[in-house]
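Scroll down for the structure; my scribbles are underneath it.
Residue numbers (our numbering): 158 to 228.
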């Protein structure tokens with residue numbers, strides 16, 4: 158049993174200083190272990206025709222405020 162599930166997030170690197178990486182736009186819970194870092198490669202990591210499960214349902218029903226969406 159893990160205290161936190163394994164998360165997956167595409168992040169924006171702010172800076173790297175010595176042996177520390179600082180990043181933003183992460184979508185994991187506090188305390189989630191960092192297991193691996195890989196570069197984002199548009200040609201391999203971008204997918205067409207994907208679904209977001211529960212999130213798609215909320216977008217269609219209008220339950221997500223417009224100010225939470227970055228366009």
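For each residue, glycine too, the CB sits at the ideal point set by N, CA and C.
Helix, strand or coil for residue i, going by three-state DSSP, please let me know.
| i | result |
| --- | --- |
| residue 217 | helix |
| residue 179 | strand |
| residue 171 | strand |
| residue 212 | helix |
If I'm right that residue i touches residue j with Cβ under 8 angstroms, what's the distance once you round it to whole angstroms?
| i | j | result |
| --- | --- | --- |
| residue 229 | residue 185 | Residue 229 lies beyond the stretch modelled for the chain, which goes from 158 to 228, so this question has no answer here. |
| residue 167 | residue 200 | About 15 angstroms separates the two Cβ atoms, so there is no contact after all. |
Between the C-alpha atoms of residue i and residue j, what's the straight-line distance to the nearest angstrom?
| i | j | result |
| --- | --- | --- |
| residue 195 | residue 188 | 20 angstroms |
| residue 180 | residue 192 | 15 angstroms |
| residue 218 | residue 175 | 46 angstroms |
| residue 183 | residue 172 | 14 angstroms |
Where does the unbroken alpha helix (DSSP H) through residue i begin, and where does it stop?
| i | result |
| --- | --- |
| residue 199 | 199 to 202 |
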